[in-house]
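In the working numbering, the protein residues as written are 13 to 141. Heads up, the beta-carbon is just placed ideally off N, CA and C, and yes, glycines get one too. Presented below is the structure to which this report refers.
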Amino acid sequence: MTTIQQRVVAAVIRDGDRFLICQRPAHRRHGCLWEFPGGKCEAGETDAQAITRELAEELGVEVSAVGDALFAASDPDSSFVIAFLPVDIRGEPVCIEHAALAWASRHEMTAYELAPSDARFLNSLGLDE
13 MTTIQQRVVA AVIRDGDRFL ICQRPAHRRH GCLWEFPGGK CEAGETDAQA
63 ITRELAEELG VEVSAVGDAL FAASDPDSSF VIAFLPVDIR GEPVCIEHAA
113 LAWASRHEMT AYELAPSDAR FLNSLGLDE
């Protein structure tokens, strides 16, 4: 039996040396853990279309540019494959669906409890930049 994989896109939004991370609501999978914002691709959506829709819904921002995936990983114990995309935004992010948001450097992010795939992505970047 083949498991159908669901594509999920996560936005890597930078402001200088800081990245935007968001805390998942307590009642959701990986509740209270921190993540790069994003969500599931709907049928027929490109990565850029999905991340544009998700960031408008979750953070109230407009996407101005989307790059190619920096990293992709299967999420443990799920059918999700998460692609981390560099994204430029317009507007100030607000918590619409998340419990909290933070701007943190790579080093500062080690103090946050990240969701498993987000931690793998951060580890792929290293802390030397």
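Close Cβ partners of residue i (< 6 Å) along its chain, the five nearest in sequence each way excluded
| i | result |
| --- | --- |
| glutamate 141 | Note that glutamate 141 scores a pLDDT of 44, beneath 50, so its modelled location is shaky and nothing firm can be said. |
| serine 90 | none |
| alanine 62 | Val21, Cys53 |
Option nearest residue i by Cα separation, candidates the options
| i | options | result |
| --- | --- | --- |
| glutamate 54 | Glu66, Ala77, Thr122 | Glu66 |
| alanine 123 | Leu45, Asp29, Leu97 | Leu45 |
| glutamate 70 | Phe48, Arg30, Pro98, Ala77 | Phe48 |
| proline 105 | Val21, Phe31, Ile16 | Phe31 |
| arginine 102 | Val75, Ser90, Arg132, Phe92 | Val75 |
Opposing strand residues paired with residue i [DSSP bridges]
| i | result |
| --- | --- |
| valine 142 | There is simply no residue 142 to check, as the chain begins at 13 and stops at 141 in what is shown. |
| phenylalanine 83 | Phe96 |
| arginine 40 | Beta-bridge pairing links arginine 40 to no other residue. |
| glutamate 47 | Cys34 |
Contacting residues, own chain, Cβ-Cβ under 7 Å from residue i (five flanking each side not counted)
| i | result |
| --- | --- |
| glycine 138 | none |
| histidine 42 | Arg36, Ala127 |
| glycine 50 | Val20, Val21, Ala22, Ala23, Ile63, Glu66 |
Nonlocal neighbours in the same chain, by C-beta distance under 8 Å from residue i, ignoring five residues either side
| i | result |
| --- | --- |
| isoleucine 108 | Glu69, Glu70, Leu71, Gly72 |
Contact belief for residue i with residue j at Cβ below 8 Å, rounded distance in angstroms
| i | j | result |
| --- | --- | --- |
| valine 78 | valine 93 | Not really, about 17 Å apart at Cβ, beyond 8 Å. |
Check: Using 8 Å as the Cβ pair cut-off and three pairs as the minimum, do the stretch 82-95 and the stretch 125-133 touch?
Finding: yes
Next item on the list: Would you be able to state if there are at least three C-beta pairs under 8 Å between the stretch 23-43 and the stretch 109-123?
Entry: yes
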